[in-house]
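The block underneath contains the structure these notes are about, expressed in structure tokens.
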Amino acid sequence: MSVVQSTSPQNPSDLVVTVAEATGSDVDQAVHRARQAQRAWAAASPAERAAALHGAGEAVAAATDELAALVVREVGKPSAEATGEVARSVAILRYYAQQVFDPIGALHEPSGGGRGLTYTRRRARGIAALITPWNFPLAIPLWKAAPALAFGNAAVIKPAPQATACALRLAELIGPHLPDGLLAVLPGDAEVGQAVVAAGDVVSFTGSAAVGGVVASAAARRGVATQCEMGGQNPTIVLPDVDVAAVARQVAYAAFGYAGQKCTATKRVIVVGDPGGFTEALVAATEELRLGDPADPATGVGPVIDRAARDRVLAAAASVRAGGGRILTGGHPGPGAGWFVAPTLVDNLPADHLLLREEVFGPICAVSRAGSVAEALDAANDVRYGLSAAVFTNDLDTALRCADGLAAGQIKINAPTTGVDFYLPFGGERDSSFGQREQGKAAQEFYTSLHTVTTAVAPT
Ligand code: NAD
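Mapping of the sequence shown onto full-length UniProt numbering: position 110 corresponds to residue 110, and the numbering continues sequentially without gaps.
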């Protein structure tokens, strides 16, 4: 029997959970039960679905402290952010509990005139196969499962192995508010993920671009609605007219908070004009961030998720030195037995350096210089990703020009690349995203299919 284990990144000898990996027959059974439960669920009144989701939200709210502590322990998220993630999870459940009452179609003029009735109507798709990453171990499973359920689907979640305990606890809390079998969590990695994708009537994936590509092609071959939200290489453009110290503090946290492990983390800072003063302020703001135990409320930067992640960040830092770039701060492991890396800021990189092109998922960020706004936009867009991008300026014309010119799904003006509002559509451009947007009001369209009904009425 294969097992899935997750260990605490700040204390790798702390085994958080060990559980049997789902077998092929576990997947079949979970999908069978979900399908049975889904038929009645889709036919239930919206008030019943709303009540269930509200109940689930209250159960998560009542477990706030316990869940936040589990998030800190299992994925090393700093405690203030972990508590924020629980609050956001509750808000997501409450928000979709209300969306069940939204219109599900539109009335149109009958083509033959008269009293004929022509309308569109949305229907649940069936089984939602949800493949999730470890970095938002509650919010991401929920921002997929809550709308899937709200609009009448069953949800089968395949969480990242590193976040197995969070997913299982979430299911324990919200499962009792739902019909038996409607929600399932299947522990495992790639093999279980493939089996879940193969069973879904609609597939929603969040994770790396490499895996997202595999999931998108597998789902496309089956012709089911698919969305993949993937990595980013998120730029922040800084104009010389800003309050340097204040902006540097925001950018430092966007790059290094939660050890740079948000899909929207700032990976490149492009300073227009002479970067000297801003770079100095950014180094100072970076060094002010507290690296250490994520359970300590003063900590901003915890560990990275595992040894491989730490090695990737340290290898990228080593390649900066080898390629003639400068390490402005960091570039070495942090103290203690956990997977800590000092926040690492670099500059003077050649244009083809890995850190200017690919996502290195950890606390490492590159500063570069542009001679003009046009040059900064070209540099910002010169990657295969397009998830989140920011510009800091006091000039409205420049802000709007960047809002129009940045190749990203999420654009922030005078705000960090990080931070996603659950009530707005979210997704990227290029290799950051495949398929429709998720969250907000975009979710209904994705988790339902659209039908056109024409009723001809004989003339009297
Ligand atoms: P990952 O791609 O390694 O894994 C994501 C999920 O896919 C996991 O559940 C994993 O077990 C599963 N999986 C792996 N191989 C599979 C296969 N062949 N078929 C089906 N499922 C498979 O990503 P991760 O390390 O868990 O998460 C970090 C990545 O997620 C980063 O690239 C980050 O940018 C991205 N991310 C994106 C967003 C977004 O909304 N765009 C949000 C959070 C994280």
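Backbone N, C-alpha and C fix where the C-beta goes; we use that ideal spot for every residue, glycine too.
> Would you call Asp274 buried or exposed, if buried means 16 or more other Cβ atoms sit within 10 Å of its Cβ?
Replying inline: exposed
> Which same chain residues, not among the five before or five after Ala145, have their C-beta less than 7 Å away from its C-beta?
Replying inline: Leu130, Ala155, Ile157, Leu183
> Does the region 275-292 come close enough to the region 235-248 that 3 or more CB-CB pairs lie under 8 Å?
Replying inline: yes
>> Given this structure, state the Cα-to-Cα distance separating Ser432 from Tyr385, to the nearest angstrom.
In response: 5 Å
>> Tell me whether the region 166-184 and the region 27-43 touch, counting them as touching only if at least three CB pairs, one residue from each stretch, are closer than 8 Å.
In response: yes
>> At the level of alpha carbons, what is the spacing between Arg73 and Leu15?
In response: 10 Å
> With 16 as the cutoff for other CB atoms within 10 Å, does Leu450 come out buried or exposed?
Replying inline: exposed
>> Any heavy atom of ligand 1 closer than 6 Å to the beta-carbon of Ile131?
In response: yes
> Apart from the five residues on each side of it in sequence, which residues of its chain come closer than 6 Å, Cβ to Cβ, to Ala56?
Replying inline: Leu93, Ile174, His177
> Is Ser319 helix, strand or coil by DSSP?
Replying inline: helix
>> Give me the residue from Thr236, Ser368, Arg321, Arg437 with the minimum Cα distance to Ala389.
In response: Thr236
> Where in the region 358-431 do unbroken runs of the beta strand (DSSP E), each at least 3 residues long, occur, reported from the N-terminal end onward?
Replying inline: 364-370, 388-392, 410-413
>> Using a Cβ-Cβ cutoff of less than 7 Å, which residues in the same chain neighbour Phe340 once the five nearest sequence positions on both sides are dropped?
In response: Leu291, Pro303, Pro333, Gly334
>> Check for me: the beta strand (DSSP E) holding Arg115 runs from which residue to which?
In response: From DSSP, Arg115 is part of no beta strand (DSSP E); its letter is neither H nor E.
> Of all the options Phe434, Thr418, Asp395, Asn381, which has the alpha carbon lying nearest to the alpha carbon of Ala408?
Replying inline: Asn381
> Which runs of the beta strand (DSSP E) fall wholly inside the region 321-349 and span at least 3 residues, in chain order?
Replying inline: 326-329, 344-347
> Hey, is Glu229 close to ligand 1, as in C-beta under 6 Å from one of its heavy atoms?
Replying inline: yes
> Does the beta carbon of Val313 fall short of 6 Å from some heavy atom of ligand 1?
Replying inline: no
> Cys166: beta carbon under 6 Å from a heavy atom of ligand 1?
Replying inline: no
>> Using the Cβ count rule (16 or more neighbours within 10 Å means buried), how would you classify residue 473?
In response: Here the chain comprises residues numbered 1 to 460, so residue 473 is not present and cannot be evaluated.
> Per DSSP, what kind of secondary structure is Ile104 in: helix, strand or coil?
Replying inline: coil
>> For ligand 1, is there any heavy atom lying closer than 6 Å to the beta carbon of Gln194?
In response: yes
>> Rounding to the nearest angstrom, what Cα-Cα distance links Gln98 and His353 in this structure?
In response: 47 Å
> Looking only at C-alpha atoms, which of Ala171, Tyr119, Gly114, His108 sits nearest to Pro141?
Replying inline: Ala171
>> I need the DSSP call for Lys267, collapsed to helix, strand or coil.
In response: strand
>> Tell me the rounded alpha-carbon separation between Ala216 and Phe422.
In response: 23 Å
> If you compare alpha carbons, which of Gln439, Asn234, Gly324 is closest to residue 463?
Replying inline: Outside the displayed span of the chain (1 to 460) sits residue 463, for which this structure offers no information.
> How about Val71 and Ala82: are their beta carbons less than 7 Å apart?
Replying inline: yes
>> Quick check for students: name the residue ranges of the alpha helix (DSSP H) that lie wholly in the region 130-173, counting only runs of 4 or more.
In response: 139-150
>> Quick check on Glu109: does DSSP put it in helix, strand or coil?
In response: coil
> Looking at Val272 and Ala370, is the spacing between their C-beta atoms short of 7 Å?
Replying inline: yes
> Using a threshold of 6 Å, is the CB atom of Ala171 nearer than that to any non-hydrogen atom of ligand 2?
Replying inline: Ligands in the displayed structure: ligand 1; ligand 2 is not one of them.
> Just to confirm, does Ser111 get its C-beta within under 6 Å of one of the non-hydrogen atoms of ligand 1?
Replying inline: no
> Could one say the Cβ of Cys263 lies closer than 7 Å to chain D's Cβ atoms, at least one of them?
Replying inline: Any reference to chain D falls outside this structure, which holds one protein chain only.
> Do the region 440-457 and the region 396-408 make contact, defined as three or more Cβ pairs closer than 8 Å?
Replying inline: no
> How long is the line joining the alpha carbons of Arg268 and Val367, rounded to whole angstroms?
Replying inline: 6 Å
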